[in-house]
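Residue numbers (the UniProt record's numbering), protein chains in the order written: chain A, 1 to 339; chain B, 1 to 408.
Heads up, the beta-carbon is just placed ideally off N, CA and C, and yes, glycines get one too.
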Amino acid sequence: MSAAAEEVVTEAPAVEAVPKRAMTLGYGTSLVVLAALVIIPLLVKNFIIFQMTMLLIYGLAVLALNILTGGSGQFSLGQSAFYAVGAYTSAILMEHVGMNYALTLPIAGVICFGFGFLFGQPALRLSGVYLALATFALATAMPQLLKLGYFEHWTGGVQGLVVTKPDAPFGLPMSQDMWLYYFTLAITIAIYVASVNLLRSRSGRAFMAIRDNEIAASAMGVDVALYKTLAFGVSAGITGVAGGLGAIAVQFVAPDGYTIQLAISLFLGMVVGGVGWLPGSIVGSAFIIFVPNIAEGISKGLSGAVFGVLLFLVIFLVPHGARQVAIVAQQLAAKLKKN
Amino acid sequence: MLSTLRIAAMSAAIVAVAATSTTAFAQKKYDTGATDTEIKIGNIMPYSGPASAYGVIGKTEEAFFKMINDQGGINGRKVNFVTYDDAYSPPKAVEQVRKLVESDEVLLVFNPLGTPSNTAIQKYLNSKKIPQLFVATGATKWNDPKNFPWTMGWQPSYQSEAHIYAKWLLKEKPDAKVAILYQNDDFGKDYLKGTKDGFGAKASNIIMEESYEVSEPSIDGHIVKIKAANPDVLLIYTTPKFGAQTIKKTAELGWKPLQIITNVSISVGSVMQPAGFENAQNVLSAAYAKDGSDPQWANDAGMKKWNAFLDKYMPGVDKTDNGVVYGYGAAQTLAKVLEMCGDDLTRANVMKQAASLKDFAPDTLLPGVKINTSATDFAPIAQLQMQRFKGQKWELFGEIISGDVPTQ
Numbered sequence: 001m002s003a004a005a006e007e008v009v010t011e012a013p014a015v016e017a018v019p020k021r022a023m024t025l026g027y028g029t030s031l032v033v034l035a036a037l038v039i040i041p042l043l044v045k046n047f048i049i050f051q052m053t054m055l056l057i058y059g060l061a062v063l064a065l066n067i068l069t070g071g072s073g074q075f076s077l078g079q080s081a082f083y084a085v086g087a088y089t090s091a092i093l094m095e096h097v098g099m100n101y102a103l104t105l106p107i108a109g110v111i112c113f114g115f116g117f118l119f120g121q122p123a124l125r126l127s128g129v130y131l132a133l134a135t136f137a138l139a140t141a142m143p144q145l146l147k148l149g150y151f152e153h154w155t156g157g158v159q160g161l162v163v164t165k166p167d168a169p170f171g172l173p174m175s176q177d178m179w180l181y182y183f184t185l186a187i188t189i190a191i192y193v194a195s196v197n198l199l200r201s202r203s204g205r206a207f208m209a210i211r212d213n214e215i216a217a218s219a220m221g222v223d224v225a226l227y228k229t230l231a232f233g234v235s236a237g238i239t240g241v242a243g244g245l246g247a248i249a250v251q252f253v254a255p256d257g258y259t260i261q262l263a264i265s266l267f268l269g270m271v272v273g274g275v276g277w278l279p280g281s282i283v284g285s286a287f288i289i290f291v292p293n294i295a296e297g298i299s300k301g302l303s304g305a306v307f308g309v310l311l312f313l314v315i316f317l318v319p320h321g322a323r324q325v326a327i328v329a330q331q332l333a334a335k336l337k338k339n
Numbered sequence: 001m002l003s004t005l006r007i008a009a010m011s012a013a014i015v016a017v018a019a020t021s022t023t024a025f026a027q028k029k030y031d032t033g034a035t036d037t038e039i040k041i042g043n044i045m046p047y048s049g050p051a052s053a054y055g056v057i058g059k060t061e062e063a064f065f066k067m068i069n070d071q072g073g074i075n076g077r078k079v080n081f082v083t084y085d086d087a088y089s090p091p092k093a094v095e096q097v098r099k100l101v102e103s104d105e106v107l108l109v110f111n112p113l114g115t116p117s118n119t120a121i122q123k124y125l126n127s128k129k130i131p132q133l134f135v136a137t138g139a140t141k142w143n144d145p146k147n148f149p150w151t152m153g154w155q156p157s158y159q160s161e162a163h164i165y166a167k168w169l170l171k172e173k174p175d176a177k178v179a180i181l182y183q184n185d186d187f188g189k190d191y192l193k194g195t196k197d198g199f200g201a202k203a204s205n206i207i208m209e210e211s212y213e214v215s216e217p218s219i220d221g222h223i224v225k226i227k228a229a230n231p232d233v234l235l236i237y238t239t240p241k242f243g244a245q246t247i248k249k250t251a252e253l254g255w256k257p258l259q260i261i262t263n264v265s266i267s268v269g270s271v272m273q274p275a276g277f278e279n280a281q282n283v284l285s286a287a288y289a290k291d292g293s294d295p296q297w298a299n300d301a302g303m304k305k306w307n308a309f310l311d312k313y314m315p316g317v318d319k320t321d322n323g324v325v326y327g328y329g330a331a332q333t334l335a336k337v338l339e340m341c342g343d344d345l346t347r348a349n350v351m352k353q354a355a356s357l358k359d360f361a362p363d364t365l366l367p368g369v370k371i372n373t374s375a376t377d378f379a380p381i382a383q384l385q386m387q388r389f390k391g392q393k394w395e396l397f398g399e400i401i402s403g404d405v406p407t408q
């Protein structure tokens, strides 16, 4: 492993080729993680439950980016725009139309899928850093578009929209936070399983073929244009669902919540979690939620600098993020078994 | 006989003492966050992110309560001021406020900054019945005791200030053609609305409304455009950087309209000086607080206390920064409210006392400007005084004007 990893680091390809088996966790580990996610909320305060909900929501958004970058090899710094569209779709449907919160999520997903698919069309002509810049433009434009006077009746302009938090249904003896957590968990698991299956399917193989070598992929008969835009659409759709969930959890949407800062955070989460390693999404999400808090605890005035140092350490010590840590842990466990 | 009398008197006295002490004991009432020795106060501030310049307000408040604690605290209780960074992001604000309430268990949330962040936490705090006290934003909606009885503003609202300018213009220059330059966000739009409401039927006096985005590097082009329309009065509803640019550009163009600039951008050190003192002559504005860099307050008793506080607790801080004056005044108002609460440190009593401020004058407010609140008036500071820039300082003129705007 170490020799291979070193080689990869020195070569530093844009996106490392990840075999599809290495994209997921084994059954045993998955069950342990799942059990932890189900049981922990029963033991902690509402505030921690809220943080765990946000962890899952950002985890979904990072996962979406991971499918795009780790799966099909395209970069995006514009995920915050899709997240915003999803959040506003849910908020507007709930507050203006009076729709049930659960129904707004698939709509947010479909709208974002369409949005991402359409954006993928012009993006086809771009690759690498140029694509990243194009999506960057999208992220910068979004907060201002949301402030536009034409949409103000719906979006609430700069003031944003306040969203009502749903109660637990069927009179379940559960706090709003706990219900929302389990609701989010169910959706996250469904999307995670679907994503794993997507990447294992014919389409997933097409994504990865494009990532590894576009020319070879088209020679094999993969419709490069279609699958590239499809990857954009799927990624945007999942991000939209995450955005909708985020709006419900935070109970508020405003243009200032979806700036380029969010897009960069999500990108950061993906790198820290390990590009192309889906379970790493949740680790990356934990990094972008908790590390700024730790940095602030160390120094209030220099929180940005402390965060930078921590990020630098992570990238320097474990350039492949959480995946690298997981692999090392696995090897250690195997060694212990032998002895 | 005498001894029995004496014993009776003694026992009566003892009973009386016991009775009074138990009543005194019974009067001590606490909600989460307050004890015999400590009052825990929560705060969120943008220490990082696009609005990090305002972080100095949080630092000033932290230092202020350190001073209070060194002086023995409030009614013998130390203030524990817990402040977190929300990076001016509403989702982060919700997370940090929930942490303050559910994990740190604070008595109240004090002076959270920014209209978006406050909107995001308002519903949560009101449903939990936790005071959201003296919010650091000038939006008009915080004065709404009927719908949000746990939320209270502090500074004059942007709309009421704009109202005052409109009324003054109607009186002094009833036929002037007015142009408005405003920032395209909630801040600028509040001023725009206040001005229009103030002009009322004479709104046709406003011949031009020009907006700019906060992301624009320079607004020179907008000034040239406004000059082409040739108005008599230019209302400058901008943040400090753009305020300085506007004053400088009008002078460069050799154009001399009557200029009125928002209270947000009146700092001598960070607006008037960069714009050039010679360019800023006769610019008008309104104020409610003293300017830390204005020499006319050098011998003012309140500002002397303010200076002594800064020298001891925040050495090296930039005194021209309005945030330092602001944070001191807001923190002093909270200290006053907590002092008035006495031993009844329940959340309900905190709101009750905050709504019972009578003619309270923090050290940093202009002479004559006083804080008044009531059960139906949740706008603590509602008074401003017109001022004109002369030489290197602001000269106050006219009377103190009250500009209360009821929430619709």
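Reference residue i, options the options, closest by Cα
i: SER48(B); options: LYS59(B), GLY42(B) and ASP70(B); result: LYS59(B)
i: ILE41(B); options: ASP363(B), LYS99(B) and TRP154(B); result: LYS99(B)
i: LEU126(A); options: ILE298(A), GLY73(A) and PHE47(A); result: GLY73(A)
i: TRP297(B); options: LEU366(B), SER204(B) and LEU310(B); result: LEU366(B)
i: TYR191(B); options: ILE68(B), ILE260(B) and GLU399(B); result: ILE260(B)
i: SER117(B); options: GLN71(B), ASP70(B), ALA63(B) and ASP186(B); result: ASP186(B)
i: ALA120(B); options: VAL97(B), PRO295(B) and PRO131(B); result: VAL97(B)
i: GLY403(B); options: PRO231(B), ALA286(B), THR320(B) and ILE39(B); result: ALA286(B)
i: VAL162(A); options: TYR88(A), ILE288(A) and GLY284(A); result: TYR88(A)
i: ILE264(A); options: ALA209(A), MET178(A), VAL32(A) and ALA132(A); result: ALA132(A)
i: GLY237(A); options: ILE92(A), THR104(A), ALA333(A) and LEU93(A); result: THR104(A)
Whole-number beta carbon distance between residue j and residue i, since they are thought to touch under 8 Å
i: ALA162(B); j: THR195(B); result: 4 Å
i: TYR158(B); j: ALA136(B); result: No, TYR158(B) and ALA136(B) are not in contact; Cβ-Cβ is about 13 Å, not under 8 Å.
i: SER76(A); j: LEU68(A); result: 6 Å
i: MET152(B); j: TRP168(B); result: 28 Å between Cβ atoms; not a contact.
i: GLN251(A); j: LYS165(A); result: 5 Å
Euclidean distance between Cα positions of residue i and residue j
i: VAL306(A); j: SER52(B); result: 16 Å
i: GLU395(B); j: PHE389(B); result: 6 Å
i: MET174(A); j: VAL193(A); result: 26 Å
i: ILE206(B); j: GLU95(B); result: 43 Å
i: ILE57(A); j: SER281(A); result: 10 Å
i: SER215(B); j: ARG347(B); result: 41 Å
i: LEU302(A); j: LEU311(A); result: 14 Å
i: GLY116(A); j: THR229(A); result: 8 Å
i: THR188(A); j: LEU345(B); result: 43 Å
i: ASP224(A); j: GLU102(B); result: The question names Asp, but residue 224(A) is Val in the sequence shown. For VAL224(A) and GLU102(B), the distance between alpha carbons rounds to 51 Å.
i: PRO380(B); j: VAL196(A); result: 57 Å
i: ILE191(A); j: ILE294(A); result: 30 Å
i: residue 423(A); j: VAL62(A); result: In this structure chain A extends from 1 to 339, so residue 423(A) is not present and cannot be described.
i: PRO217(B); j: LYS352(B); result: 46 Å
i: VAL318(A); j: ALA326(A); result: 11 Å
i: ASP104(B); j: GLU399(B); result: 45 Å
i: SER211(B); j: LYS290(B); result: 29 Å
i: PRO274(B); j: THR376(B); result: 42 Å
i: THR37(B); j: VAL129(A); result: 58 Å
i: GLU61(B); j: TYR54(B); result: 12 Å
Residue i CB to nearest heavy atom of the ligand SAH below 7 Å
i: ALA194(A); result: Because no ligand of any kind appears in the structure shown, any question about the ligand SAH cannot be addressed here.
*Is there contact here, the region 101–108 of chain B with the region 30–40 of chain B, by at least three beta-carbon pairs under 8 Å?*
yes
*Are the region 114–128 of chain A and the region 265–278 of chain A touching by the rule of at least three beta carbon pairs closer than 8 Å?*
no
*Are the region 176–187 of chain B and the region 219–238 of chain B touching, with three or more C-beta to C-beta distances below 8 Å?*
yes
*What residue ranges within the region 64–126 of chain B form continuous alpha helix (DSSP H) runs of no fewer than 4 residues, ordered along the chain?*
90–98
*Inter-stretch contact (C-beta, 8 Å, three-pair minimum) for the region 238–251 of chain A and the region 97–114 of chain A*: yes
*Which residue spans inside the region 233–299 of chain A form an unbroken alpha helix (DSSP H) run of at least 4?*
260–273 and 280–298
*How do the region 259–274 of chain A and the region 92–102 of chain A stand: do at least 3 beta-carbon pairs fall below 8 Å, yes or no?*
no
_Contact the region 324–341 of chain B vs the region 361–377 of chain B: 3+ CB pairs below 8 Å_ = yes
_Within the region 285–323 of chain B, ranges of the alpha helix (DSSP H) (whole runs, at least 4 residues)_ = 301–313
*asked:* Tell me whether the region 154–162 of chain A and the region 249–261 of chain A touch, counting them as touching only if at least three CB pairs, one residue from each stretch, are closer than 8 Å.
replied: yes
_Restricting to runs no shorter than 3 residues, where is the beta strand (DSSP E) found entirely within the region 50–75 of chain A?_
none
*Note down, one range per segment and in chain order, each alpha helix (DSSP H) of at least 4 residues found wholly within the region 136–221 of chain B.*
158–172 and 186–199
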